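What follows is one structure encoded as structure tokens, with my remarks underneath.
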Amino acid sequence: MSDTLLSVKNLVVEFPTRRGILTAVDNVSFDLERGEVLGLVGESGAGKSITGSAVIGLIEPPGRIAAGTVHLAGQRIDNLPSEKMRRIRGDKIGMVFQDPLSSLNPLYSVAEQLVETILTHKDISKKQARDRAIELLDEVGIPAADLRIDDYPHQFSGGMRQRVVIALALCADPELIIADEPTTALDVSVQSQIVSVLKKMCSEHGASVILITHDIGVIAEVADRVAVLYSGRMAEIGPVRDVIKHPQHPYTKGLMGSIPTITQEGDRLTQIPGSMPRLTDRPPGCAFAPRCEMAMGACHQSHPSEENVGTARVACHLITKMGAVA
Amino acid sequence: MKDVLVNVENLTRIFDVSKPWLNRVIEREEKKMLRAVNDVSLEIRRGETFALVGESGSGKSTIAKMIVGLLGLSQGKIDFDGIDLSQPDGAEMRALRQRYQMIFQDPFASLNPRWRVNKIIAEPLRQFDMESSESDRNRRVEELLELVGMSAKDGVKFPHEFSGGQRQRIAIARALSSNPEFIVCDEPTSALDVSVQAQILNLMRDLQDELGLTYLFISHDLSVVRHMANRIGVLYLGRLVEVADGKELFRNPRHPYTKMLLNAIPDLDMTGRKVAPPDGEIPNPINPPSGCTFHPRCPIATEQCKREIPPIRNSDAGSVVCFEAVRA
């Protein structure tokens with residue numbers, strides 16, 4: 020039985036500018052089940068972070084959600100007044116950002132920040148809150164948590180700080196965690212530590228995670244399903260194994276070929292010519308068509324609809340046409 | 370015979386990171402020294418790509434800067450094509466400078482935003498008086514732009530009109546304009562998206578084949594390094610812990626730190642491989658651990674590792690700095 024926690028339908032996010040309206044996210048839909056990790060990948064400017072912010076109602080004006088709905092546990096949350104949304108964000112959604120230094124207040128010790136957050140959401144004594152904070156730090160793998168809790172953020176290293184941020188996100192036992200590039204600022208060896216902490220925490224706390232990253236390696240390690248965004252639109256979404264091993268969309272294929280791996284043979288990487296179009300001059304039809312080797316007439320005229328291909332959902336005219344033939 | 374283009378011997382760089390004199394007197398503190406690069410020796414052969422990998426703080430960029438002369442040496446010696454770089458002065462040094470160039474990590478910071486692209490690319494030509502007339506220079510700039518896969522017409526634009534990948538192409542064109550033999554590339558693709566990274570890496574390899582360039586390629590990304598390098602040096606806390614042929618390092622890593630790094634690479638083949646994430650983090654280089662600096666994180670460390678600094682052991686496969694790896 021499917022138990023859907025978050026349901027995003029036909030989400031459109033627009034930013035009015037002097038030169039007209041920019042559609043940063045164009046008709047994106049996905050569901051997230053309880054306990055599931057969904058990866059959002061794409062190049063810079065593909066709309067990954069904006070999608071994440073839209074879900075939690077943190078789009079900076081003048082940007083706005085122009086169409087579509089977001090449901091969290093059956094409740095519609097995209098049209099709530101800001102005060103109500105703030106409560107939901109605090110109680111049900113945790114955030115982990117890219118730069119751990121800027122998501123912690125440098126003037127307060129880690130203990131103060133954790134205890135304050137716990138007390139805001141839970142009706143317990145200060146002493147209990149502190150014990151809970153130490154427990155959380157211990158869970159995310161900070162050695163000697165009971166001593167280090169009184170340290171200030173600058174006394175922690177990058178990896179340790181990101182652990183603190185994860186602990187902070189878990190304070191209110193959220194149902195949904197949005198992790199926006201959580202490992203990008205970290206070294207490779209530390210990155211794999213954080214990835215495994217994240218994985219462990221969501222399985223133990225039963226939280227669902229939206230993991231936003233440009234690093235497909237991280238997605239391969241953690242995510243259950245992955246959504247590939249291109250120029251604000253969904254190119255392909257499906258179980259992580261299928262999308263990585265058998266990509267359907269030409270963009271996903273090119274993307275997988277362009278990643279150097281340690282087992283790869285041969286000298287040249289597959290390269291996708293050109294670069295992603297700016298949002299101001301997105302071509303009519305499929306946004307990927309100008310870079311696509313297999314583009315046909317239809318690709319330049321209309322935007323393909325999303326079709327189910329096996330376990331995945333793909334937006335590509337090739338699939339629509341081929342599906343009819345095969 | 371090995372044809373060595375750049376030979377680095379016992380390179381050391383010490384930074385003074387102590388507080389100002391008055392604070393030291395009042396707080397009775399000693400001077401604090403940071404050894405960013407510690408006794409590194411390596412040789413880069415003509416026509417090869419030598420890669421340096423390591424985590425942040427391991428001294429990769431410091432070595433790059435010392436080789437191109439942006440930072441002075443504390444100890445040691447760098448030979449370029451048999452000439453000791455500390456020796457020549459004036460005109461001789463200028464002639465040498467033409468022969469090596471650098472590509473930086475951030476293509477947004479390394480191009481002057483107020484100059485047009487053709488002025489940026491022609492800068493080394495003007496510096497070294499390479500083309501006599503203005504029209505020759507313009508022709509050369511157009512050639513270079515086309516060489517790196519851009520249009521000759523792009524020369525009149527400003528850097529802000531280009532995307533990250535295109536800017537990195539401009540930076541490469543600038544580096545190539547003085548016809549160098551040796552290019553130091555400091556994380557040239559880490560600011561780029563993967564699909565653009567693939568374009569730049571392919572371009573760099575094509576240029577190497579075409580122009581016979583030698584690269585010192587610096588990166589923290591082992592899979593990129595595997596793709597680019599003939600030989601790889603692994604740095605840890607300013608020390609070179611292992612040097613090996615590219616493919617050999619991945620097939621048969623010998624130093625425990627190299628093994629740890631290889632294990633940390635995400636598994637894109639989805640083999641379902643389970644690995645324990647590595648222990649600990651890179652220590653503070655101001656107070657490095659005694660003996661072998663890797664011993665607090667090393668799974669096979671012994672008492673000896675805590676006390677003594679392991680010597681460099683050379684073999685056919687390369688060199689490794691570890692007591693246990695040599696014994697095994």
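Chains P and U, in that order, are what the protein sequence lines are. My numbering puts the first sequence at residues 20 to 345. My numbering puts the second sequence at residues 370 to 697. A virtual CB, placed ideally from N, CA and C, is assigned to each residue, including glycine. Just so it is clear, the structure is predicted and the values come from calculations on it, not from any experiment.
Any chain P beta carbon closer than 7 Å to residue i
{"i": "U/V375", "result": "no"}
{"i": "U/S425", "result": "yes"}
{"i": "U/L637", "result": "yes"}
{"i": "U/S559", "result": "no"}
{"i": "U/N571", "result": "yes"}
{"i": "U/I634", "result": "yes"}
{"i": "U/P668", "result": "no"}
{"i": "U/V603", "result": "no"}
{"i": "U/A405", "result": "no"}
{"i": "U/Q673", "result": "no"}
{"i": "U/A530", "result": "One detail in the question is off: residue 530 of chain U reads as Glu in this sequence, not Ala. Chain P, which has no Cβ nearer than 7 Å to the Cβ of U/E530, makes this no."}
{"i": "U/D562", "result": "yes"}
{"i": "U/F619", "result": "yes"}
{"i": "U/V422", "result": "no"}
7 Å Cβ cutoff met for residue i and residue j
{"i": "P/L72", "j": "U/D562", "result": "Rather than Leu, the amino acid found at residue 72 of chain P in this sequence is Ser. Not a contact, by the Cβ cut-off of 7 Å."}
{"i": "P/I346", "j": "U/R620", "result": "Here chain P covers residues 20 to 345 and nothing more, so residue 346 of chain P does not appear."}
{"i": "U/P360", "j": "U/M629", "result": "For residue 360 of chain U there is no data in the structure shown, the boundaries of chain U being 370 and 697."}
{"i": "U/A613", "j": "U/A544", "result": "no"}
{"i": "P/L195", "j": "P/S227", "result": "yes"}
{"i": "P/K67", "j": "P/G61", "result": "yes"}
{"i": "U/V553", "j": "U/I447", "result": "no"}
{"i": "U/I678", "j": "U/G660", "result": "yes"}
{"i": "U/P493", "j": "U/S547", "result": "yes"}
{"i": "U/Q474", "j": "U/D590", "result": "no"}
{"i": "U/I655", "j": "U/L403", "result": "yes"}
{"i": "U/P557", "j": "U/I472", "result": "yes"}
{"i": "P/A239", "j": "P/I263", "result": "yes"}
Residue i versus the options, residue with shortest Cα-Cα distance
{"i": "U/K616", "options": "U/N599, U/F497 and U/L604", "result": "U/N599"}
{"i": "P/T289", "options": "P/F307, P/G54, P/K272 and P/I69", "result": "P/K272"}
{"i": "P/P302", "options": "P/M253, P/Q94, P/S26 and P/C318", "result": "P/C318"}
{"i": "P/V241", "options": "P/I229, P/A86, P/T23 and P/S250", "result": "P/I229"}
{"i": "U/A540", "options": "U/L585, U/A491, U/Q577 and U/S588", "result": "U/A491"}
{"i": "U/I489", "options": "U/A464, U/K526 and U/D453", "result": "U/K526"}
{"i": "P/D50", "options": "P/G251, P/L166 and P/T70", "result": "P/T70"}
{"i": "P/K141", "options": "P/V159, P/D110, P/Y171 and P/M220", "result": "P/D110"}
{"i": "U/R466", "options": "U/R682, U/E550 and U/R623", "result": "U/E550"}
{"i": "U/R336", "options": "U/T583, U/P654 and U/S588", "result": "This structure cannot settle anything about residue 336 of chain U, because the visible part of chain U is limited to 370 through 697."}
{"i": "U/L480", "options": "U/K401, U/R536 and U/S501", "result": "U/R536"}
{"i": "U/S532", "options": "P/S121, P/P296, P/I107 and P/E255", "result": "P/P296"}
{"i": "U/G426", "options": "U/N683, U/N653, U/P680 and U/P622", "result": "U/N653"}
{"i": "U/S387", "options": "U/R397, U/K401, U/I395 and U/V394", "result": "U/K401"}
Proximity test, residue i beta-carbon vs the ligand ADP heavy atom, cut-off 6 Å
{"i": "U/H529", "result": "Among the ligands in the structure shown, none appear at all, so the ligand ADP cannot be discussed."}
7 Å Cβ cutoff, residue i in contact with chain U
{"i": "P/A198", "result": "no"}
{"i": "P/A274", "result": "For the record, residue 274 of chain P in the displayed sequence is Leu; it is not Ala. For P/L274, the answer is yes, since a Cβ of chain U falls inside 7 Å of its Cβ."}
{"i": "P/G342", "result": "Residue confidence for P/G342 is low, a pLDDT of 47 falling below 50, so the modelled location carries little weight and cannot support an answer."}
{"i": "P/E240", "result": "yes"}
{"i": "P/T280", "result": "yes"}
{"i": "P/M20", "result": "Because the pLDDT of P/M20 is 41, which lies under 50, any placement of that residue in the model is unreliable, and the number read from its coordinates should be weighed accordingly. With 7 Å as the cut-off, P/M20 does not count as an interface residue toward chain U."}
{"i": "P/Q174", "result": "no"}
{"i": "P/R287", "result": "yes"}
{"i": "P/D206", "result": "yes"}
{"i": "P/E62", "result": "yes"}
{"i": "P/S26", "result": "no"}
Exercise. Should the segment 176-183 of chain P be called in touch with the segment 195-206 of chain P, which here means at least 3 C-beta pairs below 8 Å?
Worked result: Result yes; three or more Cβ-Cβ pairs closer than 8 Å.
Exercise. What are the uninterrupted segments assigned as alpha helix (DSSP H) that are 4 or more residues long and contained completely in the segment 151-235 of chain P, given in chain order?
Worked result: 164-167, 177-189 and 207-224
For this session: Within the segment 85-128 of chain P, note down every full beta strand (DSSP E) run reaching 3 residues or more, in order along the chain.
Result: 112-115
Exercise. On the three-pair Cβ rule with 8 Å, is the segment 378-394 of chain U touching the segment 313-330 of chain P?
Worked result: no
For this session: Jot down the residue ranges of each uninterrupted alpha helix (DSSP H) in the segment 396-446 of chain U, minimum 4 residues, whole runs only, in chain order.
Result: 429-437
For this session: Could I get the ranges of all uninterrupted alpha helix (DSSP H) runs contained in the segment 230-276 of chain P, with 4 residues as the minimum, in chain order?
Result: 235-241, 259-264 and 269-276
For this session: List in chain order: all unbroken alpha helix (DSSP H) runs of 4+ residues lying wholly within the segment 654-687 of chain U.
Result: 672-676
For this session: Could you pull out every unbroken alpha helix (DSSP H) segment of at least 4 residues lying fully inside the segment 510-554 of chain U, listed in chain order?
Result: 533-545
Exercise. So, do the segment 498-517 of chain U and the segment 457-465 of chain U have three or more beta carbon pairs nearer to each other than 8 Å?
Worked result: no
Exercise. Can we say the segment 428-445 of chain U touches the segment 499-512 of chain U, given the rule of at least three CB pairs closer than 8 Å?
Worked result: no
Exercise. Is there contact here, the segment 564-584 of chain U with the segment 473-486 of chain U, by at least three beta-carbon pairs under 8 Å?
Worked result: no
Problem set entry | Stretch pair the segment 597-611 of chain U + the segment 295-313 of chain P: three plus CB contacts closer than 8 Å | no
Exercise. Quick one: any contact between the segment 25-33 of chain P and the segment 156-165 of chain P, if contact means 3 or more CB pairs under 8 Å?
Worked result: no
Exercise. Three or more beta-carbon pairs under 8 Å between the segment 115-123 of chain P and the segment 141-154 of chain P, yes or no?
Worked result: no
Exercise. Any chance the segment 248-266 of chain P sits against the segment 291-305 of chain P, with 3 or more Cβ pairs inside 8 Å?
Worked result: By the Cβ test, the segment 248-266 of chain P is in contact with the segment 291-305 of chain P, since at least three Cβ pairs between them sit closer than 8 Å.
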